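Enquirer: Just so you know, the sequences run in chain order X and H.
Mapped onto numbering that gives the first Met the number 0, the consecutive letters of the first sequence carry residue numbers 0 to 293.
Mapped onto numbering that gives the first Met the number 0, the consecutive letters of the second sequence carry residue numbers 0 to 179.
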Amino acid sequence: MRKKPTRKRSDRYRLFRIVILAGLLMTLALIFLVSTLGSQNFGSLHKLVLEAVGPLQKVVTMSGSYVETFKSEYIDILQDSLRLREENKRLIQQLQENENILNKSREAMATNASLRKLLEFKNTLDQQQVMAATIVGKDPSTMFRSVIIDRGSNSNVMKGNPVVNNDGVVGQVFAVTPNYAKVLLAIAPSSAIDVLLQKSRVRGILKGDGTLTYRLEYILKTAEVEEGDHVVTAGYGGIFPTGLQVGVVSKIIKKPRGMFHEIEVTPSVDYQKLENLLILQQPKLAEIKQMEQR
Amino acid sequence: MVVLHFIVVGLLLIILQTTICMRTPVWLLAPDLYYVLVAYLAFRLDLLRSLIILFPLVCVLDVLSGTILGMHALLCFSAYFLLRQFSAKLPVNDIVYQIPLIGLSFLAVSWVVSLFLELLQPGQQVAWSWWRMLVRMVLVAMFSYPLFFLFDLIQKYSRHSFLPWNRLRLRSDNRRRRQA
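1. Buried or exposed for V7 of chain H, going by 16 or more other Cβ atoms inside 10 Å?
2. Please name the residue, chosen from H:L114, H:V25, H:S77, that lies closest to S64 of chain H on a Cα-to-Cα basis.
3. With DSSP as the reference, label Q280 of chain X as helix, strand or coil.
4. So for A179 of chain H, helix, strand or coil by DSSP?
5. Run through chain X and tell me which residues come within less than 8 Å of C20 of chain H, C-beta to C-beta.
6. Quick check: is the beta carbon of P24 of chain H nearer than 8 Å to any beta carbon in chain X?
7. Under 8 Å Cβ-Cβ, which residues of chain X neighbour Q16 of chain H?
8. Short check: CB of A245 of chain X to CB of E226 of chain X, under 8 Å?
9. Taking three-plus beta-carbon pairs below 8 Å as touching, is the region 114 to 123 of chain X in contact with the region 146 to 153 of chain X?
10. Reducing DSSP to helix, strand and coil, say where P161 of chain X ends up.
11. State buried or exposed for T110 of chain X, treating a residue as buried only when at least 16 other CB atoms are found within 10 Å of its CB.
12. Please name the residue, chosen from X:P255, X:V162, X:V156, X:L195, that lies closest to P177 of chain X on a Cα-to-Cα basis.
13. Can you give the Cα-Cα distance for L276 of chain X and L53 of chain H, rounded to whole angstroms?
14. Does the beta-carbon distance from Y79 of chain H to L40 of chain H come in below 8 Å?
15. Can a CB atom of chain X be found closer than 8 Å to the CB of D31 of chain H?
16. Answer with yes or no whether the minimum CB distance from G9 of chain H to chain X is below 8 Å.
17. Within a Cβ cutoff of 8 Å, which residues of the same chain sit near V134 of chain H, ignoring the five residues on either side of it in sequence?
18. Give the single residue among X:L196, X:N122, X:L219 whose Cα lies nearest to the Cα of V231 of chain X.
19. Just the chain X side, please: which residues come within less than 8 Å of M132 of chain H by C-beta, in chain order?
20. How would you list, in chain order, the residues of chain H whose beta-carbon sits under 8 Å from the beta-carbon of I147 of chain X?
21. I need the straight-line Cα distance from G167 of chain X to L243 of chain X, nearest angstrom please.
22. When the cut-off is 8 Å and only beta carbons count, does L211 of chain X lie next to chain H?
23. Does L276 of chain X come within less than 8 Å of chain H when only Cβ atoms are used?
24. When you measure from the CB of G237 of chain X to every non-hydrogen atom of the ligand NAP, does any distance come out below 7 Å?
25. Once the 5 residues before and after M0 of chain X are set aside, which same chain residues still bring their CB inside 8 Å of it?
26. Who are the neighbours of Q154 of chain H on chain X, taking C-beta pairs under 7 Å?
27. So which of X:E96, X:V59, X:T210, X:G170 has the shortest CA-CA distance to T141 of chain X?
28. Return no unless some Cβ of chain X is closer than 8 Å to the Cβ of R48 of chain H.
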């Protein structure tokens with residue numbers, strides 16, 4: 000019995016709410032229409048709407064820009080980095096190839112310069128038969144100083160032939176096979192070369208001591224020697240031609256005892272950079288050998 | 000095959016030493032690789048095969064190095080017999096203990112040979128320098144371990160030779176009958 004009036008009341012409230020809501024909507028629609036079509040002013044409703052939507056727009060736009068930034072900063076970078084890696088690989092390979100070519104051309108230029116110097120030097124030797132040779136091996140022993148060259152008796156190389164390069168005297172042929180020869184370097188202790196002090200024309204014997212200096216022996220104390228004096232081959236004995244550069248006097252040790260000076264000579268040849276050599280073929284030496292054989 | 004293999008390896012070592020290892024004619028840091036082979040032969044191989052290997056190698060060394068023929072033969076054979084004597088008396092036959100011995104024997108034998116040559120032909124070779132030879136000794140010792148390892152591998156490899164020598168060996172008829 001009590002439930003009936005409750006239902007009726009609720010139905011009445013429902014109708015009332017609908018009417019109120021419809022009225023409110025109608026009013027708002029009317030206000031909107033009047034304000035929009037009427038004065039064409041950006042009214043307070045519009046402002047309200049914009050104020051409400053603006054932040055949302057801002058958030059979405061900023062998110063979009065953040066996404067764009069993220070994409071450009073990370074994803075594009077990732078793609079770029081992959082592309083760059085490929086390009087980097089290609090460029091490194093290209094660089095290596097170019098460096099190889101550059102090294103080869105540098106080497107060719109250096110060899111060319113060295114051979115050009117050797118050729119110029121060869122042209123200065125008057126009517127003397129000269130044979131170019133390359134060092135193929137070096138003596139590993141600590142007791143001796145010799146090198147192996149790629150010319151032998153088939154190229155008319157004989158034992159005793161002087162060996163030079165564009166800087167001066169290097170040594171002498173020590174042993175010969177048909178295609179190779181062993182050269183005793185002038186810095187070897189068993190080497191002895193007749194030399195002259197170019198300025199004073201005093202004669203001495205140049206010996207090696209295994210290091211990168213020579214010893215000049217048998218120079219009398221009465222002879223005038225100065226540091227910086229040039230030492231050249233004397234040409235006695237017919238093995239070395241006269242006047243070939245040997246070195247420069249670097250130190251004179253004057254001892255109270257003895258007849259001779261102790262003189263150190265710095266070689267004109269750089270033994271650290273020996274590569275291409277010239278073998279001087281001495282006609283006199285060949286004659287001497289032939290006479291010996293007879 | 001062991002003999003042939005070691006002759007070839009020895010030749011390669013000598014060629015390596017006289018070309019790539021020697022940057023200049025006065026280069027100090029060139030290791031005496033052939034000496035390590037001499038030591039290996041003394042420690043690991045029998046007398047006959049060692050001598051067969053050593054003869055051509057010392058000949059090549061004498062040709063490529065020095066001005067006194069026979070100097071390297073004297074050096075290598077002295078070192079070989081000295082190290083062989085030591086190896087017979089050593090209680091331990093491990094390379095780690097043999098390395099100092101190889102280095103010291105190199106120094107000692109080189110010094111004795113240098114003295115001997117100085118007596119025979121005074122002033123014909125570079126004066127003995129302890130620090131230079133100590134550097135060479137250290138180099139020999141440094142290269143001993145890897146080269147011994149390599150030589151061991153070569154020896155092991157040589158046992159599995161290309162030619163089936165065992166199969167080619169002649170067997171007596173009696174043996175076949177006994178097997179049947």
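Ideal Cβ placement from N, Cα and C applies to all residues, glycine included.
The structure presented is a predicted model; accordingly, all values stated were derived computationally and were not measured.
Expert: In terms of the structure at hand:
1. exposed
2. H:V25
3. strand
4. Bear in mind that a pLDDT of 45 at A179 of chain H, under 50, signals an unreliable position, so the number given afterwards is only what the model happens to contain. Of the three classes helix, strand and coil, the one that applies to A179 of chain H here is coil, per DSSP.
5. What C20 of chain H touches in chain X, judged by beta-carbon distance under 8 Å, is P139, going in chain order.
6. yes
7. P139
8. In the sequence on display, residue 245 of chain X carries Val and not Ala. Result no, Cβ atoms of V245 of chain X and E226 of chain X do not sit closer than 8 Å.
9. no
10. strand
11. exposed
12. X:V156
13. Cα to Cα, the separation comes out at about 33 Å.
14. Inclusion of Y79 of chain H and L40 of chain H in the CB contact set at 8 Å is warranted, their separation being smaller than that value.
15. yes
16. Chain X contact via Cβ: absent.
17. L27, L28
18. If we check each option's Cα against that of V231 of chain X, X:L196 comes out closest.
19. T141
20. T17, L63
21. 6 Å
22. yes
23. No, L276 of chain X does not count as interfacial toward chain H.
24. No copy of the ligand NAP appears in this structure; indeed no ligand is present at all.
25. Because the pLDDT at M0 of chain X is just 46, under 50, the model does not fix this residue reliably, and the value given afterwards should be weighed accordingly. Hits under 8 Å: none found.
26. Chain X residues near Q154 of chain H: none, gap ~25 Å exceeds 7 Å.
27. For the residues X:E96, X:V59, X:T210, X:G170, the minimum Cα distance to T141 of chain X belongs to X:T210.
28. no
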